[in-house]
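Residues -18 to -1, 1 to 322 in mature numbering (1 follows the signal peptide of the UniProt record, and there is no 0) are what the sequence shown spells out, letter by letter. Glycine included, C-beta positions come from ideal geometry on N, C-alpha and C. Every value quoted in this text rests on a predicted model; they were computed, and no experiment measured them.
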Amino acid sequence: MRKKFGLGVILLLVLVLAACGEKSKEDVADKLAGNLEKMNGYKVEASMSLQTGEESQTYDIEVSHKKKDFYRVLLKNEQDEKGSQIILKNEDGVFVLTPALNKSFKFQSEWPNNSSQPYLYQSLVKDIIEDKEADFKATENYYVFETKTNYQNNNNLPYQQIYFDKKAYTPVMVKVLDKDKNPLVEVQFSSFELDPEFASDTFEIEKNMTSGTLGIPVMAEEETNSELEVFYPLERAGAELIEKKEVDTENGKRVILTFAGEKNFTLVQEKADAFPASALVPEQVNGEMVNLGFTMGALTEAALEWHHNGNSYYLASEDLTKAELIEVASSVSVTGEEVK
C-alpha cells in the first residue's frame, strides 16, 4: 500500500513538473517578438492555396526580407507563368513588378504594415501581439495561435490560425479563415532561413525585371496578340450581366461587361501590352495596393485595376464599396465559364 502511494506521489510530481515546463501564450509571444528583434533578415519558400467556390489555386511564394524595410516577395503560379509578380520594397518605395510584361508600378503605400500578410513572419508576430484575446494551444510539435486578422477593405477573412515549430519558433503553416471558421487561404512553409546573405542587387528593380533570372518567361508577340479569353465574376453583389460589348483596338479585342441590379458595375478586359524591355521606369499609381489572392491590384474610391494571365482588367462602379470591389475582382479569373 505504501509502495503504491509512493508511486502515485512520483507520478503526480512528474505531471506537475511537465505542466510547469509548458510555455504560456505570453512566453511564446515574447519569444517570437524577441527573435524578430534579433534577426537581420530571412528567406522563405512556401506554397499558398486559395479556395474560391469549388476551385482551388496554388501559388509558390519566395520571400526575402532584410532589416528593416527591404522586401522581395515572388508570387508564381505554374499555370500562369506570365502573371508571376514581385512585390518589392526598398528605399525608393513599394513596387509591383510583372517581369513577363516588362511592367512595373509604384505605390504610395505603407505595405506591409497596413494589413495582415500570411507569408511574412513579422506580420504574423504583430497580429499575435496586438490581439490580446488570441487563442493559444501547444500540441506535440507546434505552438498554435488563433488571432484576428487586419485585412483592410475585406471583412470576409476575419481570423487566422498560425502554427509555429516548437523548437525553432518559425512558422510552419497559416490558415486564414472566413466568418464561419472555414479555411479559405492556406500557406505551407517549406523552408525558413534566418539571417541569410543577400546579393547587393536583390532588392533592385532592374535585377528583378530581368525575367531570365527568375525563371519567368517574357511574353512573346504572338502571345500578346492571341485571342482574348473572357472571364466572368462569380460574385456579383446582386447584379446580373445585361450587356457584353466587344470593341476592336490596335492591340486586339476589348470586352466590356455591364452588370445591373442592386448595385451596378462595369468590367473591362483586354490583352495586356508587353512594354519594351527598356521601359524600366515604374508607372506611378494613384491608388492603394490590394491583394486579390491570385494577383495584386490598384484600388481607388470607385475602381480597381489589375493584370492576370496576360490580360488587363478594369472594374468600375459608383455603387460598390471598396470591400465589394475587392470581392467581385477576386472572383474574376477563377473560372472561364459565363455564369448566367
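Who does residue 278 pair with in a DSSP beta bridge?
-> The partner list for residue 278 (beta bridge, DSSP) reads 273.
Beta carbon of residue 237, beta carbon of residue 252: below 8 Å?
-> Against a cut-off of 8 Å, the Cβ pair of residue 252 and residue 237 comes out as a contact.
Where residue 45 and residue 298 are concerned, what is the direct C-alpha to C-alpha distance, given to the nearest angstrom?
-> For residue 45 and residue 298, the distance between alpha carbons rounds to 32 Å.
Inter-residue Cα distance where the pair is residue 179 and residue 47 = Computed Cα separation, rounded: 11 Å.
Go to residue 117, then tell me how far its beta strand (DSSP E) extends in each direction, as first and last residue.
-> Segment 117 to 120, the beta strand (DSSP E) holding residue 117.
So, helix, strand or coil for residue 294, using DSSP?
-> The three-state reading of DSSP puts residue 294 in strand, counting E and B together.
Closest by C-alpha distance to residue 277, when choosing among 303, 209 and 58 | Residue nearest to residue 277 within the set 303, 209 and 58 is 58 (criterion: CA-CA distance).
Report all residues from its chain with a CB closer than 8 Å to the CB of residue 231; omit the five preceding and five following residues, and keep chain order.
-> The residues are 252.
Check whether the Cβ atoms of residue 110 and residue 129 lie closer than 8 Å to each other.
-> Result yes, Cβ atoms of residue 110 and residue 129 sit closer than 8 Å.
With 16 as the cutoff for other CB atoms within 10 Å, does residue -3 come out buried or exposed?
-> Confidence in residue -3 is poor, its pLDDT being 42 and thus under 50, which makes the residue's placement too unreliable to answer from.
Excluding the five sequence neighbours on either side, which residues of its own chain have a C-beta within less than 8 Å of the C-beta of residue 100, listed in chain order?
-> Shown here for residue 100: same chain residues with a beta carbon closer than 8 Å to its own, the five before and five after excluded, namely 30, 106, 142, 156, 158, 167 and 169 in chain order.
DSSP bridge partner residues for residue 214 (one or two, in chain order) | In the DSSP secondary-structure assignment, residue 214 is not bridged to any residue.
Can you grab the Cα-Cα spacing for the pair residue 314 / residue 296, in whole Å?
-> Roughly 11 Å separates the two Cα atoms.
By a C-beta neighbour count over all protein chains shown, 10 Å radius and 16 as the cutoff for buried, is residue 309 buried or exposed?
-> Burial of residue 309 is indicated by the presence of at least 16 other C-beta atoms within 10 angstroms of its C-beta.
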